[in-house]
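Protein sequence lines, in the order shown, are assigned to chains A, B and C. Residue 245 in numbering that gives the first Met the number 0 sits at position 246 of the first sequence, with consecutive numbering throughout. Residue 364 in numbering that gives the first Met the number 0 sits at position 365 of the second sequence, with consecutive numbering throughout. Residue 115 in numbering that gives the first Met the number 0 sits at position 116 of the third sequence, with consecutive numbering throughout. For glycine and all other residues, C-beta sits at the position ideal for the given N, C-alpha and C. Small disclaimer: the values here were computed from a predicted structure and weren't measured.
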Amino acid sequence: MIPVPVGLMIPEIVLGVGACAALVAELTCSAKRRVAQVGALACLLALGVVVGQALGGLGGHATGSLTVDAVTLAARIGVLVATFLLLVAAPSSQELNHREEGEYHLSLLGLGLGGLVFAGAADLLTLYLGLEFLSLTGYALAGFRPHDRHAGEAGLKYVLFGALASALTLVGMSYLYGLSGSLDLAVIGETLSYHGASRALAAAALLALVGVAFKLTIAPFHLYSPDVYQGAPTISAAAFAVIPKIAAAAVAAHLLLWWAPASGHASAAIAIAGVVTMTVGNLTALGQTNAKRILALSGVAHAGYLMLALAVWPQAGALGAVGFYLLAYLAMNLGAFVAVMLLENRTRSSDLDRLAGSWRQQPLESASLALCLVSLAGIPPLAGFTAKWVLLRSVVEGGLAGDGRGWLLAAAVALLVNAVLSAFPYIRILRACLVEGGDDAAAAGGGRSSPALAVLAVCAAATLVLGVAWPVVALLRGYLG
Amino acid sequence: MNGFHQSFLATAAWFSSCGLPGWLGLVLAGVVFYAVPLFAVVLPIAGLGQIFERKIAAAMQRRIGPSTTGIVGILRLTVNLALPWKAKAECNRLAERLVAFGPVALLDRLLTRTGVAQLAADGVKMIGKEDLVPSGVDGWLFRAAPYLAIAGAFLPFVVVPWSQHLVGADLSIGLVWVAAAGGLTAVAILLAGWGSNNKWTMLGGMRAVAQIVSYEIPVGLCMAAVAMWCGTLSLQQMVAAQYHPGVLSFLGWNLIQSPFMVILAGTFYLAAIAECQRTPFDTAEAESELVSGFNTEMSGLRWGMFAMAEYTETFLIGALFAVLFLGGYQSPVGEQWILSLPPLAETVIHVAIMTAKCLVAIWVMMWIRWTLPRFRIDQVMRLAWLKLVPLALVCLFGLALTMLLGARIEQVAYGRLLSAPSAQLPLIAWALSWLLAGGAIIALVVAAKRSGPPMPAALRRLTTAPARKA
Amino acid sequence: MADPAILAASTATAGYSDYLAIAVVGALAIGMVAGILWAVWFVTRVVGRITTTPSKTSTYECGETPVGPAWQRFNLRFYLVAIVFLIFDVELVLVLPTLPLFAPAIAAGHGVAVFLKIFLFVATLLLGLVYAAAKGDFAWDKSKHG
Chain A
0 MIPVPVGLMI PEIVLGVGAC AALVAELTCS AKRRVAQVGA LACLLALGVV
50 VGQALGGLGG HATGSLTVDA VTLAARIGVL VATFLLLVAA PSSQELNHRE
100 EGEYHLSLLG LGLGGLVFAG AADLLTLYLG LEFLSLTGYA LAGFRPHDRH
150 AGEAGLKYVL FGALASALTL VGMSYLYGLS GSLDLAVIGE TLSYHGASRA
200 LAAAALLALV GVAFKLTIAP FHLYSPDVYQ GAPTISAAAF AVIPKIAAAA
250 VAAHLLLWWA PASGHASAAI AIAGVVTMTV GNLTALGQTN AKRILALSGV
300 AHAGYLMLAL AVWPQAGALG AVGFYLLAYL AMNLGAFVAV MLLENRTRSS
350 DLDRLAGSWR QQPLESASLA LCLVSLAGIP PLAGFTAKWV LLRSVVEGGL
400 AGDGRGWLLA AAVALLVNAV LSAFPYIRIL RACLVEGGDD AAAAGGGRSS
450 PALAVLAVCA AATLVLGVAW PVVALLRGYL G
Chain B
0 MNGFHQSFLA TAAWFSSCGL PGWLGLVLAG VVFYAVPLFA VVLPIAGLGQ
50 IFERKIAAAM QRRIGPSTTG IVGILRLTVN LALPWKAKAE CNRLAERLVA
100 FGPVALLDRL LTRTGVAQLA ADGVKMIGKE DLVPSGVDGW LFRAAPYLAI
150 AGAFLPFVVV PWSQHLVGAD LSIGLVWVAA AGGLTAVAIL LAGWGSNNKW
200 TMLGGMRAVA QIVSYEIPVG LCMAAVAMWC GTLSLQQMVA AQYHPGVLSF
250 LGWNLIQSPF MVILAGTFYL AAIAECQRTP FDTAEAESEL VSGFNTEMSG
300 LRWGMFAMAE YTETFLIGAL FAVLFLGGYQ SPVGEQWILS LPPLAETVIH
350 VAIMTAKCLV AIWVMMWIRW TLPRFRIDQV MRLAWLKLVP LALVCLFGLA
400 LTMLLGARIE QVAYGRLLSA PSAQLPLIAW ALSWLLAGGA IIALVVAAKR
450 SGPPMPAALR RLTTAPARKA
Chain C
0 MADPAILAAS TATAGYSDYL AIAVVGALAI GMVAGILWAV WFVTRVVGRI
50 TTTPSKTSTY ECGETPVGPA WQRFNLRFYL VAIVFLIFDV ELVLVLPTLP
100 LFAPAIAAGH GVAVFLKIFL FVATLLLGLV YAAAKGDFAW DKSKHG
């Protein structure tokens with residue numbers, strides 16, 4: 000029998016058992032927010048286990064079908080925190096039909112579980128399982144609003160794009176398996192480096208990466224994201240912007256580690272993809288008039304920035320850059336989406352002209368939104384700026400390292416240009432919310448709900464604290480060390 | 000198997016000594032050894048099944064059934080063809096005189112009364128019927144459907160063992176092959192239903208596929224449970240696992256190993272009937288609602304292919320039931336003795352026993368068909384998912400527990416509880432499992448009586464004795 | 000005893016001789032249908048000279064002229080059943096090859112562990128079945144489900 004690393008899977012098992020409990024709660028409780036509460040509790044428990052694992056030094060390369068190293072642990076923490084926050088905020092959304100609300104929370108929990116599985120995958124089977132878990136729950140979350148044409152469009156688009164990506168991934172995986180004779184990603188990596196020149200293997204590996212790129216919204220696999228984010232309930236959009244991306248980033252980091260540990264070609268390709276992605280994301284965001292579309296494209300751009308960090312990945316300090324970037328992204332993006340959701344509860348739309356004058360009706364939400372957007376735009380002293388700074392520094396360091404990767408400096412320039420470019424769409428949202436005066440007709444409705452506000456406050460605070468604390472810590476470290 | 004394989008090779012060699020290439024010799028030997036016996040057994044039974052069914056239906060409804068068509072028509076035709084120079088009237092007279100002749104008359108009466116002559120008449124009629132492909136259909140799908148139906152009915156037979164030596168291919172994944180190849184039938188029905196571009200066929204096809212896939216699950220679970228019990232997926236080995244060396248060979252049969260097996264057998268039988276769309280589960284044809292369901296647009300022998308596939312499937316169900324629960328081709332008594340016979344005799348006896356078991360299973364199926372009214376589609380679906388699937392799962396785990404318990408107590412082997420009645424302790428496990436399952440059955444029945452929906456009036460009338468008039 | 004060509008062929012097909020039987024039976028089944036349908040064609044069209052007319056080849060709709068194509072949308076319930084089936088079919092595919100190994104596992108002394116693993120797997124699926132049933136996915140009469 001194959002030894003199963005049960006000890007390493009405890010977070011997944013906790014979340015799975017929690018999902019079963021939530022399923023029972025969905026059947027038995029009439030108050031559907033109980034489902035979200037059970038799910039949030041499971042997330043907290045799993046988070047405790049993961050933190051315990053991290054503190055217990057469960058690093059190293061413990062494989063089977065699952066690998067648990069620093070990357071996995073960081074991704075697990077990110078996914079679990081995001082799932083927890085989303086589950087707390089989700090019952091406040093007024094987009095969900097109350098009778099079916101429980102299933103929504105269940106799917107959200109499933110997305111979190113899928114993220115965990117995906118992030119820790121060490122063989123092709125687990126990788127595909129996690130990918131499909133993320134996808135299937137994602138499809139349900141995207142098309143959740145019943146009798147809504149946009150939601151239907153979002154769900155269908157997500158399914159069609161997702162199915163295509165999944166099929167390509169599967170083709171790639173089957174070729175990888177056939178050519179390398181192993182399901183283990185590390186073994187496949189050895190084969191890849193051994194038969195470095197085999198074009199079939201390279202093509203198969205590229206195909207297998209399509210799924211990861213799809214989840215990470217790397218151009219040209221980002222095309223679905225604006226439509227899906229716009230049509231899906233805002234909480235779903237928030238989930239798509241965070242959970243699959245964190246998990247996929249972990250997978251990408253693992254794959255880089257195993258498949259191309261010191262390949263200049265690979266990091267060049269990744270950097271190019273990153274630059275293209277961020278440019279495409281920022282340029283398309285310029286003309287948008289819907290807050291969720293802008294946020295979706297901002298997610299694409301941020302995926303591009305992240306790719307740059309991955310391009311210098313195996314180098315020392317890059318793990319910190321990637322991790323910190325993801326953490327900051329998690330806080331500010333989640334905050335922005337939750338704020339938009341709360342505004343949307345009142346306006347019933349995320350179009351910019353409908354959001355006009357929000358600050359008069361919902362000052363707290365608008366202010367938090369502003370904070371998160373400013374951070375997303377990369378303006379000091381917020382988390383977004385610090386994250387970009389750390390990122391830029393590691394890219395420049397990589398470029399100056401003198402090992403033939405001077406082109407990273409060009410990427411750094413592209414990053415700077417994009418950072419400036421990306422500010423404009425955010426400014427449009429800010430102007431709509433804070434400057435323009437809206438009509439008072441939309442004043443009615445949209446009660447405040449404390450859990451979602453609490454989540455918003457946590458995100459905003461994290462944005463602020465991360466922005467300020469990291470430089471301080473870094474300074475102190477330089478001072479002391 | 001070995002001797003069989005040797006003679007197979009010898010035949011292949013003979014073919015190639017006639018100047019054929021080696022591979023063709025192998026294929027021809029395959030035809031002679033695998034396919035011809037298979038078709039020789041299955042086809043006549045599938046054909047006779049229709050007559051069999053009409054006679055049984057008639058008996059159950061106190062009618063006589065097909066009883067008028069004799070062989071005189073065939074004789075007329077034969078004489079006319081044989082003596083083309085004579086006048087038609089003269090030939091006919093000759094044929095009638097021939098029929099009046101003693102032995103021929105006896106044969107005529109036999110074939111008339113049993114309705115077998117009717118089969119020939121039906122065949123001749125059907126072959127003369129126009130094969131219509133309606134103008135609006137999806138030609139490819141419509142034309143492909145009967146091929147798939149027949150393939151889906153015959154391919155599972157490849158792995159069914161008829162004797163120790165006679166088996167098409169003893170695949171190690173036999174049960175999986177049965178499920179996989181049998182699945183072609185669902186595709187065939189879907190193609191027929193969709194491809195016909197007719198509202199009735201569409202409804203019938205959809206219903207049929209929903210029903211087939213639903214009942215696939217309990218059928219599969221039952222097969223899985225038996226595979227677990229016997230420790231193999233190969234049908235030949237499954238039969239071998241049910242061998243009992245004593246005079247009373249039937250003590251080794253799966254059916255009586257555990258009460259869970261009895262329930263599983265019932266579940267399998269019901270679900271299998273539903274999977275091949277026979278009354279009371281024939282919602283897909285439902286002639287009173289859907290004209291003729293998925294095969295409304297099929298005419299003549301194109302429809303006949305579906306009918307033949309259906310009867311072949313009833314035969315398959317009988318064969319599977321025998322293999323899974325009734326010891327396959329083994330005789331109920333004195334199997335030991337039969338096994339010691341020379342291969343040919345052994346094969347003949349075993350094929351006969353297997354066929355007899357199949358016929359009993361088919362007969363019960365027909366009995367059910369002509370007793371019960373049709374269920375509604377919603378009842379059919381609920382029966383599958385809410386009753387049969389949980390029941391099969393309970394039995395599967397009951398069996399697994401019995402195996403665990405048996406092993407715990409016996410510490411040597413598992414299962415085979417009844418087969419080893421000399422040991423004291425396995426008897427306890429055996430008794431315990433009967434007690435457990437018996438209690439469960441009683442509890443189920445009580446619960447069903449207390450909380451279940453009232454029976455449909457038609458069913459109640461059929462299942463309770465009519466009040467007698469004073 | 001056999002001629003070398005046959006022996007060579009049989010050793011070459013040793014692992015595949017089972018599939019030879021399948022291929023032969025499948026080909027015969029297909030051939031039988033083709034032959035019968037060809038015979039029908041021969042008897043009706045060549046010998047019998049039956050011709051078709053437009054009204055003969057129209058689809059059957061109780062004698063009326065068919066109204067529109069039948070390729071329309073169908074009830075969503077079939078889709079739900081298909082989904083549930085898919086899940087349970089995958090279960091079967093995973094369970095079928097596993098279960099025959101249960102007996103050897105008992106003999107090797109880890110029967111309880113294997114039993115628990117299979118049980119947990121199936122129980123999780125069963126929970127899904129209960130959920131689907133409670134949500135009314137198998138209640139096909141409309142009165143019980145929205």
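What residues match up with leucine 65/A in a beta bridge as DSSP calls it?
-> Taking the first residue of the first sequence as 1, we reach residue 65/A at position 66. Leucine 65/A pairs with Ala120/A.
Would you say glycine 59/A reaches chain C, if we count a Cβ-Cβ gap shorter than 8 Å as a contact?
-> In the first sequence, residue 59/A corresponds to position 60, counting from 1. Confidence at glycine 59/A is low in this model, with a pLDDT of 49, below 50, so its placement is unreliable and no value can be given for it.
Where does aspartate 350/A fall in DSSP's three states?
-> Working through the first sequence from its first residue, we reach residue 350/A at position 351. It is a strand residue.
Quick one: what does DSSP say aspartate 478/B is sitting in, helix, strand or coil?
-> The question about residue 478/B has no answer here: the residues shown for chain B are numbered 0 through 469.
Could you have a look at aspartate 183/A and say whether DSSP puts it in helix, strand or coil?
-> Numbered from 1 along the first sequence, position 184 holds the residue referred to as residue 183/A. It is a strand residue.
Excluding the 5 residues preceding and the 5 following valine 157/B in the sequence, name in chain order all residues of the same chain whose CB lies nearer than 6 Å to its CB.
-> Here residue 157/B is taken as the residue at index 158 of the second sequence, counted from 1. Taking C-beta separations shorter than 6 Å and ignoring five residues to either side along the sequence, the partners of valine 157/B in its chain run Gly167, Ala168, following chain order.
Check whether the stretch 176-194 of chain B touches the stretch 210-219 of chain B, taking contact to mean three or more Cβ pairs, one atom from each stretch, closer than 8 Å.
-> yes
Any C-beta of chain A sitting closer than 8 Å to the C-beta of leucine 126/C?
-> Position 127 of the third sequence holds residue 126/C. Taking Cβ atoms only, chain A reaches closer than 8 Å to leucine 126/C, which makes this a yes.
DSSP on asparagine 79/B, reduced to helix/strand/coil?
-> Translated into the one-based positions of the second sequence, residue 79/B becomes position 80. Of the three classes helix, strand and coil, the one that applies to asparagine 79/B here is helix, per DSSP.
Touching by the beta-carbon criterion (3+ pairs, under 8 Å), the stretch 214-222 of chain B and the stretch 270-277 of chain B = yes
Using a cut-off of 7 Å between C-beta atoms, extract the partners of alanine 28/A located in chain C.
-> As a first step, residue 28/A is located in the first sequence; it is residue number 29 there, counting from the start. This sequence places cysteine at residue 28/A; alanine is not what is there. Identification of chain C residues near cysteine 28/A by a Cβ-Cβ cut-off of 7 Å yields none; the smallest Cβ-Cβ distance measures about 13 Å.
Identity of the residue in Glu288/B, Gly265/B, Met380/B nearest leucine 323/B by Cα = By 1-based counting over the second sequence, the position of residue 323/B is 324. Selected option, being the one with the closest Cα: Gly265/B.
By Cβ distance below 6 Å, which residues in the same chain neighbour tyrosine 103/A in space, the five residues on each side in sequence not counted?
-> Residue 103/A sits at position 104 when you count from the first residue of the first sequence. Closer than 6 Å at the Cβ level, and outside the excluded window around tyrosine 103/A, lie Leu95, Phe143.
Entirely within the stretch 374-451 of chain A and at least 4 residues each: give me those alpha helix (DSSP H) ranges in chain order.
-> 382-399, 406-429
In chain order, which alpha helix (DSSP H) runs of at least 4 residues are fully inside the stretch 317-350 of chain A?
-> 317-346
With 16 as the cutoff for other CB atoms within 10 Å, does cysteine 90/B come out buried or exposed?
-> Stepping through the second sequence from its first residue, residue 90/B is reached at position 91. Cysteine 90/B comes out buried.
Using a Cβ cut-off of 9 Å, which residues of the stretch 106-135 of chain A contact any Cβ in chain C, in chain order?
-> none
Can you check DSSP and say which residues form a bridge with asparagine 289/A?
-> Here residue 289/A refers to the residue found at position 290 of the first sequence. DSSP, once it has assigned bridges, lists Asp350/A as partnering asparagine 289/A.
Using a Cβ-Cβ cut-off of 8 Å, state whether methionine 297/B counts as contacting chain C.
-> Numbered from its first residue, the second sequence carries residue 297/B at position 298. For methionine 297/B, the answer is no, since every Cβ of chain C falls outside 8 Å of its Cβ.
Determine the DSSP secondary structure at tryptophan 384/B, reduced to helix, strand or coil.
-> Start at 1 with the first residue of the second sequence, and residue 384/B comes out as number 385. DSSP places tryptophan 384/B in helix when its eight states are reduced to three.
Going by other Cβ atoms of all chains shown within 10 Å of its Cβ, with 16 needed for buried, is alanine 300/A buried or exposed?
-> One-based indexing of the first sequence puts residue 300/A at position 301. It is buried - the Cβ of alanine 300/A has at least 16 other Cβ atoms within 10 Å.
Determine the direct distance from the alpha carbon of proline 90/A to that of alanine 443/A, and round the result to whole angstroms.
-> Along the first sequence, one-based indexing puts residue 443/A at 444. Along the first sequence, one-based indexing puts residue 90/A at 91. Note that alanine 443/A has pLDDT 49, beneath the 50 cutoff, so the model's placement of it is unreliable and no number is given.
Listed from N- to C-terminal order along the chain, which residues in the stretch 113-135 of chain B have their beta-carbon within a distance smaller than 9 Å of any beta-carbon of chain C?
-> Result list: Met125, Ile126, Gly127, Lys128, Glu129, Asp130, Leu131, Val132, Pro133, Ser134, Gly135.
When Leu372/A, Ala265/A, Glu152/A are compared against methionine 306/A, the one with the closest alpha-carbon | Working through the first sequence from its first residue, we reach residue 306/A at position 307. Comparing alpha carbon positions, the residue from Leu372/A, Ala265/A, Glu152/A closest to methionine 306/A is Ala265/A.
Roughly how far, in whole angstroms, is the beta-carbon of leucine 333/A from the beta-carbon of alanine 251/A, given that I think they are within contact range, below 8 Å?
-> Locating residue 333/A in the first sequence gives position 334, where the first residue counts as 1. Locating residue 251/A in the first sequence gives position 252, where the first residue counts as 1. Actually they do not touch by this definition, with Cβ atoms about 21 Å apart.
Any residues in the stretch 249-277 of chain A with a beta carbon nearer than 8 Å to a beta carbon of chain C? Which ones, in chain order?
-> none
Secondary structure at aspartate 107/B, three-state DSSP: helix, strand or coil?
-> Translated into positions along the second sequence, residue 107/B becomes position 108. For aspartate 107/B, the three-state secondary structure derived from DSSP is helix.
So, do the stretch 355-363 of chain B and the stretch 288-308 of chain B have three or more beta carbon pairs nearer to each other than 8 Å?
-> no
Arginine 142/B versus tryptophan 193/B: straight-line alpha-carbon distance, rounded | As a first step, residue 142/B is located in the second sequence; it is residue number 143 there, counting from the start. As a first step, residue 193/B is located in the second sequence; it is residue number 194 there, counting from the start. Their Cα atoms are separated by approximately 12 Å.
Alanine 26/C to methionine 304/B span [Cα, whole Å] = The residue you call residue 26/C lines up with position 27 of the third sequence. The residue you call residue 304/B lines up with position 305 of the second sequence. Cα to Cα, alanine 26/C sits roughly 16 Å from methionine 304/B.
Three or more C-beta pairs closer than 8 Å, one from the stretch 106-125 of chain A and one from the stretch 7-21 of chain B: is that the case here?
-> no
Which bits of chain A does tyrosine 78/C rub up against, with CB to CB less than 7 Å?
-> Here residue 78/C is taken as the residue at index 79 of the third sequence, counted from 1. Result: empty, since nearest Cβ-Cβ is about 13 Å, beyond 7 Å.
Using Cβ-Cβ distances below 7 Å, what residues of the stretch 23-42 of chain B are close to chain C?
-> Gly24, Leu25, Val26, Gly29, Val30, Tyr33, Ala34, Leu37, Phe38
Could you check what DSSP says for aspartate 121/B in three-state terms: helix, strand or coil?
-> Along the second sequence, one-based indexing puts residue 121/B at 122. Assignment of aspartate 121/B by DSSP, reduced to helix, strand and coil, places it in the helix class.
So is tyrosine 193/A buried or exposed if we call it buried at 16+ other beta carbons inside 10 Å?
-> In the first sequence, the residue the question calls residue 193/A occupies position 194. By the neighbour-count rule (16 or more Cβ atoms within 10 Å), tyrosine 193/A is not buried but exposed.
How many Å lie between alanine 327/A and valine 170/A at the Cα?
-> Residue 327/A sits at position 328 when you count from the first residue of the first sequence. Residue 170/A sits at position 171 when you count from the first residue of the first sequence. Using only the alpha carbons, I get a separation of about 35 Å.
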